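If you use our numbering, the sequence shown corresponds to residues 3 to 251, in order.
Every residue gets a Cβ at the ideal spot worked out from N, C-alpha and C, and that includes glycine.
For clarity, every value in this text was computed on a predicted model and none was experimentally measured.
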Amino acid sequence: MAKKITSLNISNVSIETADTIGAALNISRSAAFDYVMIAYRPFASRVSHHHNEVKKLGEFLLNQSVDAHLSSIRGIPEITREEFFLAGWKSHIKSQLNIPSFEHYRHNTSDGTMSKGEKKIIEEQLEGFVDTYRMRGAIHIKTDRIVDKNSPNVKGYSNTILIKDTSWNGYFFDFNNIVLLPISDLITHGVKEVLKRKKIYSNAPYICWINIYHTNELAVMVPIIQEDEVSDHRKNEKVIIVINPFTGV
Numbered sequence: 003m004a005k006k007i008t009s010l011n012i013s014n015v016s017i018e019t020a021d022t023i024g025a026a027l028n029i030s031r032s033a034a035f036d037y038v039m040i041a042y043r044p045f046a047s048r049v050s051h052h053h054n055e056v057k058k059l060g061e062f063l064l065n066q067s068v069d070a071h072l073s074s075i076r077g078i079p080e081i082t083r084e085e086f087f088l089a090g091w092k093s094h095i096k097s098q099l100n101i102p103s104f105e106h107y108r109h110n111t112s113d114g115t116m117s118k119g120e121k122k123i124i125e126e127q128l129e130g131f132v133d134t135y136r137m138r139g140a141i142h143i144k145t146d147r148i149v150d151k152n153s154p155n156v157k158g159y160s161n162t163i164l165i166k167d168t169s170w171n172g173y174f175f176d177f178n179n180i181v182l183l184p185i186s187d188l189i190t191h192g193v194k195e196v197l198k199r200k201k202i203y204s205n206a207p208y209i210c211w212i213n214i215y216h217t218n219e220l221a222v223m224v225p226i227i228q229e230d231e232v233s234d235h236r237k238n239e240k241v242i243i244v245i246n247p248f249t250g251v
């Protein structure tokens with residue numbers, strides 16, 4: 003059954019070509035388009051197949067170029083990508099100044115969920131840390147959370163990590179796409195499979211993921227991407243992140 007298409011952006015050249023075919027075959031313009039597409043159909047699957055092959059080749063070449071670049075700067079003996087970027091995280095990205103704290107907030111839920119007020123207070127504190135210490139960002143991670151069901155209070159402990167920079171050696175640490183993944187699953191299946199099982203997908207050409215912190219049997223995972231794949235806006239934006247592993251990010 004024919005389907006009616008109400009909106010198409012067709013170039014003048016294509017229209018002129020369809021009119022030429024239509025005149026030769028004594029058919030309408032729309033019939034000429036249909037005629038051409040039917041004739042083209044056997045090639046469509048081949049084009050799709052080759053497109054996928056080209057995409058795979060592009061990904062392969064990207065991985066090869068990344069490996070070559072890493073080999074040139076990490077030296078011998080070789081280490082894994084994750085080890086390499088984790089070393090960069092510790093030496094150039096993460097500040098040595100950690101800020102542990104004991105927390106006490108009023109809450110209106112019976113679980114560990116943060117209220118909007120609590121999150122706003124924490125984000126304002128992080129903004130203050132970033133400005134005071136002249137950092138690029140701050141990540142607040144709750145490490146313990148106790149809900150008192152007999153009173154409107156929640157308490158616990160947290161740790162704030164300050165971020166000196168978001169780029170290193172031509173690579174960008176994409177903190178705003180941090181995810182929490184179960185440590186046991188990572189050990190059993192690996193990062194790629196766990197992301198797939200959790201239905202966490204991205205079109206960004208991430209090189210790898212590194213674990214920057216773990217608490218409550220969850221790993222805080224940061225993706226790494228080549229710096230030239232990231233817009234200037236994202237490179238310059240401030241990193242303010244609050245992570246509550248007791249109810250998710």
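With a cut-off of 8 Å, do at least 3 Cβ pairs link the segment 163-182 to the segment 214-223? yes
Can you tell me the Cα-Cα spacing of K240 and R138, whole angstroms? 6 Å
From which residue to which residue does the beta strand (DSSP E) around D146 run? Following the DSSP letters along the chain, one finds D146 inside the beta strand (DSSP E) bounded by residues 139-150.
Skipping 5 residues on each side, what residues in its chain have a beta carbon closer than 8 Å to that of I242? E125, L128, E129, V132, G139, A140
Pair within 9 Å by beta-carbon distance, Y261 and I226: Because the chain spans 3 through 251 in this model, residue 261 falls outside it and cannot be assessed.
Put V244 into one of helix, strand or coil per three-state DSSP. strand
Counting C-beta neighbours from all protein chains within 10 Å, is the total for V156 16 or more, i.e. buried, or is it exposed? buried
The alpha helix (DSSP H) with V196 in it runs from where to where? 193-199
For the beta strand (DSSP E) containing N171, list its first residue and its last residue. From DSSP, N171 is part of no beta strand (DSSP E); its letter is neither H nor E.
For H94, I'd like the list of residues in its chain whose CB is within less than 6 Å of its CB, leaving aside the five on either flank, ordered along the chain. W170
Three-way DSSP call (helix, strand, coil) for I95 in this model: helix
The alpha helix (DSSP H) enclosing N238, as first and last residue numbers: Where N238 is concerned, the enclosing alpha helix (DSSP H) starts and stops at 234-238.
Could you check if K151 is buried or exposed, using at least 16 other CB atoms within 10 Å of its CB as the buried criterion? exposed
Less than 8 Å between C-beta atoms, sequence neighbours within five positions excluded: which residues of the same chain meet that for R199? D187, H191
Please go through the same chain and pick out, in chain order, the residues whose beta-carbon is closer than 8 Å to the beta-carbon of V232, but skip the five residues on each side of it. The beta carbon of V232 is closer than 8 Å to those of F174, D176 in its chain, skipping five residues each way along the sequence.
Between R147 and the rest of its own chain, which residues show a CB-CB distance below 6 Å, the 5 nearest in sequence each way excluded? G114, G158, F248
Using a 10 Å radius around the Cβ and a threshold of 16 neighbouring Cβ atoms, would you call K96 buried or exposed? buried
Tell me the rounded alpha-carbon separation between E105 and V222. 21 Å
Collapsed DSSP secondary structure at N218 in the structure displayed: coil
Is G250 helix, strand or coil by DSSP? With a pLDDT of only 49 at G250, under the threshold of 50, the placement of this residue in the model should not be trusted, and no figure is reported.
Below 9 Å between beta carbons: does that hold for L164 and L99? yes
Which two residues bound the contiguous beta strand (DSSP E) that contains S160? 155-165
CB of H142 within 9 Å of CB of V244, strictly: yes
In terms of DSSP beta bridges, what is Q228 paired with? Y173
Please return the same chain residues whose Cβ sits closer than 6 Å to the Cβ of E120, not counting the five positions on each side in sequence. Y107
Helix, strand or coil, according to DSSP, for M223 in the structure here? strand
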